[in-house]
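Chains as they are written, first to last, in the working numbering: chain A, -19 to 325; chain B, -19 to 325; chain C, -19 to 325.
The C-beta atom is built at its ideal place from N, Cα and C for all residues, glycine as well.
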Amino acid sequence: MKTSKKKLAGAALAAAVLFAGAPWGNASLAQAAASSSASTLPVKTTLYTVYQISPDRLYYDAATGYLQIDGQNALKPAIKNGVSYATSGAIADAAAKAAKQLPMTFVLVHGSWTDASFWSKTVAELKRKGHAAYAPEYAGHGSLYKPDVTHEQIVQSVVDYITSKNLKDIVLVGHSFGGSVIQKVAERIPDRIHRLVFFDAFVPLDGQSVADQFPAELQDAFAQLIQASGNNTIPMPYPLFRDGFVNTASDGLAKQIYQSAKPEPAAPLLEKLDLKKFYALNLPKSYLYFTSDTAAPQGDKYGFNPAQSGHLGQFRLITGNGDHMTTAYAQPAYLANKLYEAARD
Amino acid sequence: MKTSKKKLAGAALAAAVLFAGAPWGNASLAQAAASSSASTLPVKTTLYTVYQISPDRLYYDAATGYLQIDGQNALKPAIKNGVSYATSGAIADAAAKAAKQLPMTFVLVHGSWTDASFWSKTVAELKRKGHAAYAPEYAGHGSLYKPDVTHEQIVQSVVDYITSKNLKDIVLVGHSFGGSVIQKVAERIPDRIHRLVFFDAFVPLDGQSVADQFPAELQDAFAQLIQASGNNTIPMPYPLFRDGFVNTASDGLAKQIYQSAKPEPAAPLLEKLDLKKFYALNLPKSYLYFTSDTAAPQGDKYGFNPAQSGHLGQFRLITGNGDHMTTAYAQPAYLANKLYEAARD
Amino acid sequence: MKTSKKKLAGAALAAAVLFAGAPWGNASLAQAAASSSASTLPVKTTLYTVYQISPDRLYYDAATGYLQIDGQNALKPAIKNGVSYATSGAIADAAAKAAKQLPMTFVLVHGSWTDASFWSKTVAELKRKGHAAYAPEYAGHGSLYKPDVTHEQIVQSVVDYITSKNLKDIVLVGHSFGGSVIQKVAERIPDRIHRLVFFDAFVPLDGQSVADQFPAELQDAFAQLIQASGNNTIPMPYPLFRDGFVNTASDGLAKQIYQSAKPEPAAPLLEKLDLKKFYALNLPKSYLYFTSDTAAPQGDKYGFNPAQSGHLGQFRLITGNGDHMTTAYAQPAYLANKLYEAARD
């Protein structure tokens, strides 16, 4: 689904039919098309139908004669009867400029009850946009699955991954439990980090565990699951997963996502973390919050936003539609764009 | 506005113009069209313009060659210059699959200051999607209007309706005050219920009334209106209705909706409800929350979400755009789709 | 980008290609077009592609035969194979009716760290919709910039502007700090005001200052900036501006917006305001809340909604996507439409 200027030529043809000098009546399409010089296209409709740029994002500055997209000059249209026209090439250039992202390097750290495959589609979409993107597996998860693992081992996995590849100037993204991981990674290799992005992530305060961020009832439920597990893991019952992690998914997609949910090693969730160094760091921070996420109960006390995000002090908030896990599987291009909004300078 | 494969053939023609082998220049549309084999269409633009499926919902899986919609394999496109193409039939099938809903049986219970006509359009839209849908009138409201009615009589109306029609495996939806009604109906006929859906609904705790969910100021205001009524009802002044129930509606639609707002029988709102049995039930529950709804003051203390929803314990949250009443009249297809998202397994 | 019926004729041509009596197969576009009588267009697709009216806003009332837009009868389509058709003129009329706004008179009062130019694009968009719109500069800001100014002088500027132009029946909009300004202006000239609209605005209670609405940490930070300024102003550091005011903007637009951010005169923010008269007034009030706004920390305690909005007592809530400042520069037509939704009766 990549966009190239070559393809735009074909696509813009569609918009060509939108142009007609004479009032439309009983004239057949063929007649109307023949009578059209077709050298310019109506800008607004072309941007909408061919480039999916909504009219809300447009502004015509009568003083300068520029049409703006997202507040930036995009092209100088010709105005006829109150409608803006431009050549297909000018419209294609304007749309490409509006979609352009400055290349960044993303390292994506997944959360609990999943593994690095959580990010597969997001990595692909970020790469399509021109970014470098990495999703390291970490200790105790995915191909490295084992019930007994420590928070420190997880952190070490991510640090090793980044240093072994010598990645620099990275946007370090942590999802869910991964928030506590990027806090500790940031303590270890702050000079390699351009910005931290917490995506519906837990942000423990100094001396707290991730589990400390949950309501008491959930902590109790997890304690019972741990005890029943016999190997210090927390198996996630499907109904809880369905309601808490993939509430907006279809039945079929929910079950598909659940297949990655191995019993989660409990120790890293319960470990009290020394985060003094993190809270003394001065790295730029963003928080990406999806408004249908109920993996943490919504509201002031436990909600990802404002409760967890509020631990960050100053941060940039980006919001979006989605729940805890579905978007990464169902709308990865949307998630990738939101991550870029959170990451850019 | 129902979709059939037959009509799609016609509709897909529109997308045909998006295809053109040769770069577009000064060629007239007729020429370009003639030079097009027109055997395939660009998938992304066709899905957007003909089927209103946004590019955010698409993902091209390079490994398998499948284009996904909402995370599910939809079709295998041919790729030319980075653009996906497929036949109109394949695209129509993919769009139909993405729009498909498994048939369910909905019973919709309205709230206060309205009657069963609140659901008329939603019922029609659910039926268009292949569901069974019922909106019973209940005691004291609509055609059964009378000021003196009890909560129990209302509950009995709904129970009688369901049992007399022998409805089973139902999705029982309660809106606003209707939340308390479906709590009590669930106590009575749990075996007929597939799932409970609370739509911006009050969810009293055991021993509470619906009025107990309001702030003290509103309770006081209602007490005054009741006293002034002389017949134990609460007439709803238009300014309060406009601001609290239909805040996003146009002036004209707001006044139209207000016409159903008879003085509400007060007793059912004030009755303390024994809900021990409800809170011991183990039925699947969803909460549909529209983010512009201010019929209850937003926020942690009185908001539909998270305050009222939080009474449910475990539940599935679905959010949407809208206020308390307008969507049922202005965007019933949207509401019907949101109810399905809340209802499906 | 203004819409006129004349241009609609041309635009509707696009939709003409959507009509085809015969099933679409290998027929070329030219043939298909020639075989089309083209006297009517498919309503749903035309409204979407030509007028950007989403199918969610449509409802076909089988009983009356009317297609509704936003719950209001729009046109009587012909139904063929389940698809609605109408003439291009009928569709154009329906779209125009749905977009129609009753003319109002807006006076827009800006906030801190900007000037009247904040509203330039919004004024232009409101005028394009047929409204009268004014954005007065006030004492100490923009062309009148000076560090020593009082809250009362600012209020007087706005009162003088309104009375000198003899504006009546106005929708008085206050953004951010401007909320406190329109509270005081309303005390002075209530008879000229049709409705007050608070747009992500501070709403001090009687005896409070605007600064009293901030968390203690922010008040402390401002106190330090004031002391360092030497002239009782609060310079806004770029990182704070970027994260707090324009979090959703592109890097380029964020820097552009920052250029209007002169050091803000501190006195008006710190002044305790006598608002007894305001809270005794009985003017209609709306609150427009953009859900990504973090100029005030989100949540029950400090959030624009529900904390500041909650000070108003009864009010109409309108929500939208956006942050504190970006929308006025990037999506002014969207902001203008939201202001109209907040303003209309």
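Worksheet entry | Residue closest to Asp273 (chain C), alpha-carbon to alpha-carbon, out of C:Gln239, C:Asp280, C:Asp180, C:Ala196 | C:Asp180
Worksheet item: Would a check of beta-carbon distances place Thr271 (chain B) closer than 9 angstroms to chain C?
Response: yes
Discussion item. I'd like the list of long-range same chain contacts for Val165 (chain B), defined as Cβ closer than 7 angstroms, with 5 residues on each side in sequence excluded.
Written reply: Val135, Val138, Val139, Leu152
Fill in: Short Cβ contact (9 angstroms threshold) for Ile214 (chain A) with Leu249 (chain A)
In contact: Ile214 (chain A) and Leu249 (chain A) (Cβ atoms closer than 9 angstroms).
Practice prompt. Determine the burial state of Thr20 (chain A): buried for a count of at least 16 other Cβ atoms within 10 Å of its Cβ, exposed for fewer.
Written response: buried
Item to complete: State yes or no: is the beta carbon of Thr130 (chain A) nearer than 9 angstroms to at least one beta carbon in chain B?
Response: no
Worksheet item: Is His121 (chain B) near Lys242 (chain B), with beta carbons less than 9 angstroms apart?
Response: yes
Worksheet item: Based on the DSSP secondary-structure assignment, which residues constitute the bridge partners of Arg175 (chain A)?
Response: Checking the DSSP bridge columns, you'll see Arg175 (chain A) partnered with A:Val151.
Worksheet item: Distance, Cα to Cα, Thr26 (chain C) vs Leu27 (chain A)?
Response: 16 angstroms
Worksheet item: Short check: CB of Ala66 (chain A) to CB of Ala74 (chain A), under 9 angstroms?
Response: yes
Discussion item. Counting only beta-carbon separations shorter than 9 angstroms, does Ser92 (chain B) have a partner in chain C?
Written reply: No, no contact with chain C.
Item to complete: Under 8 angstroms by Cβ, that's how I've got Arg172 (chain A) and Ala323 (chain A) pegged, so tell me the actual separation to the nearest angstrom.
Response: Incorrect: roughly 15 angstroms between the Cβ atoms, too far for contact.
Fill in: Where Gly336 (chain C) falls, given that 16 or more other Cβ within 10 Å makes a residue buried
Residue numbering for chain C in the displayed model covers -19 to 325; residue 336 (chain C) lies beyond these limits and cannot be assessed.
Fill in: Residues in the region 66 to 77 of chain C having any Cβ partner in chain B nearer than 8 angstroms
none
Practice prompt. Using a Cβ-Cβ cut-off of 9 angstroms, state whether Ala287 (chain C) counts as contacting chain B.
Written response: yes
Worksheet item: List, in order along the chain, the chain B residues whose C-beta lies closer than 8 angstroms to that of Pro312 (chain A)?
Response: Per Cβ cutoff of 8 angstroms: Tyr39.
Discussion item. In the DSSP assignment, the alpha helix (DSSP H) including Ala54 (chain B) goes from what residue to what residue?
Written reply: That residue, Ala54 (chain B), is in no alpha helix (DSSP H); its beta strand (DSSP E) goes 52 to 55.
Discussion item. Could you compute how far the alpha carbon of Phe178 (chain A) sits from the alpha carbon of Ala119 (chain A)?
Written reply: 20 angstroms
Worksheet item: In this structure, what does DSSP give as the bridge partners for Ser64 (chain A)?
Response: A:Ile59
Discussion item. Spatial neighbours of Glu372 (chain C) within its chain, please: C-beta separation below 6 angstroms, excluding the five flanking residues on both sides.
Written reply: Absent from the model: residue 372 (chain C). The displayed extent of chain C is -19 to 325, so no value can be given.
Worksheet item: Going by C-alpha distance, which of C:Thr271, C:Lys126, C:His155, C:Gly283 is nearest Asn211 (chain C)?
Response: Its Cα nearest to that of Asn211 (chain C), the residue C:Lys126 stands out among C:Thr271, C:Lys126, C:His155, C:Gly283.
Fill in: Continuous alpha helix (DSSP H) stretch holding Lys265 (chain B): start and end
Premise fails: Lys265 (chain B) lies in the beta strand (DSSP E), 265 to 270, not in any alpha helix (DSSP H).
Worksheet entry | Which listed residue (B:Leu82, B:Ser189, B:His155, B:Ser100) has its alpha carbon closest to that of Thr130 (chain B) | B:Ser189
Practice prompt. With a cut-off of 8 angstroms on the beta carbons, I'd call Ala191 (chain A) and Gln199 (chain A) a contact; round off their distance for me.
Written response: Right, their Cβ atoms sit about 6 angstroms apart.
Worksheet item: To which residues does DSSP link Leu47 (chain B) through a beta bridge?
Response: Paired residues: B:Tyr40, B:Leu55.
Item to complete: Give the interface partners of Glu244 (chain C) over in chain B, defined as CB-CB distance under 8 angstroms, in chain order.
Response: Ordered by position in chain B, no residue passes the 8 angstroms Cβ test against Glu244 (chain C), which lies about 29 angstroms from the chain.
Worksheet entry | Classification of Asp325 (chain A) by the beta-carbon crowding that lies within 10 angstroms, buried from 16 upward | exposed
Practice prompt. Could you tell me whether any Cβ in chain A is nearer than 9 angstroms to the Cβ of Ile237 (chain B)?
Written response: It does not; no Cβ of chain A falls within 9 angstroms.
Item to complete: Check the Cβ of Gly122 (chain A) against every Cβ in chain B and list those closer than 9 angstroms, keeping chain order.
Response: Neighbours of Gly122 (chain A) on chain B: none; closest Cβ ~18 angstroms, over 9 angstroms.
Practice prompt. Rounded to whole angstroms, what's the CA-CA distance from Phe295 (chain C) to Tyr320 (chain B)? Just pull it up for me.
Written response: 32 angstroms
Worksheet item: Given that a residue counts as buried once 16 or more other Cβ atoms are within 10 Å of its Cβ, and exposed if not, what is Asp128 (chain B)?
Response: exposed
Discussion item. Classify Pro286 (chain C): buried if its beta carbon has 16 or more other beta carbons within 10 angstroms, exposed otherwise.
Written reply: buried
Worksheet item: From which residue to which residue does the beta strand (DSSP E) around Thr299 (chain C) run?
Response: 296 to 300
Worksheet item: Do we get a CB-CB distance below 9 angstroms when we pair Lys101 (chain C) with the residues of chain A?
Response: yes
Item to complete: Using only alpha-carbon positions, find the residue among B:Phe157, B:Ile169, B:Ala104, B:Leu55 that is nearest to Thr143 (chain B).
Response: B:Ile169
Discussion item. Restricting to runs no shorter than 4 residues, where is the alpha helix (DSSP H) found entirely within the region 102 to 172 of chain A?
Written reply: 131 to 144, 158 to 168
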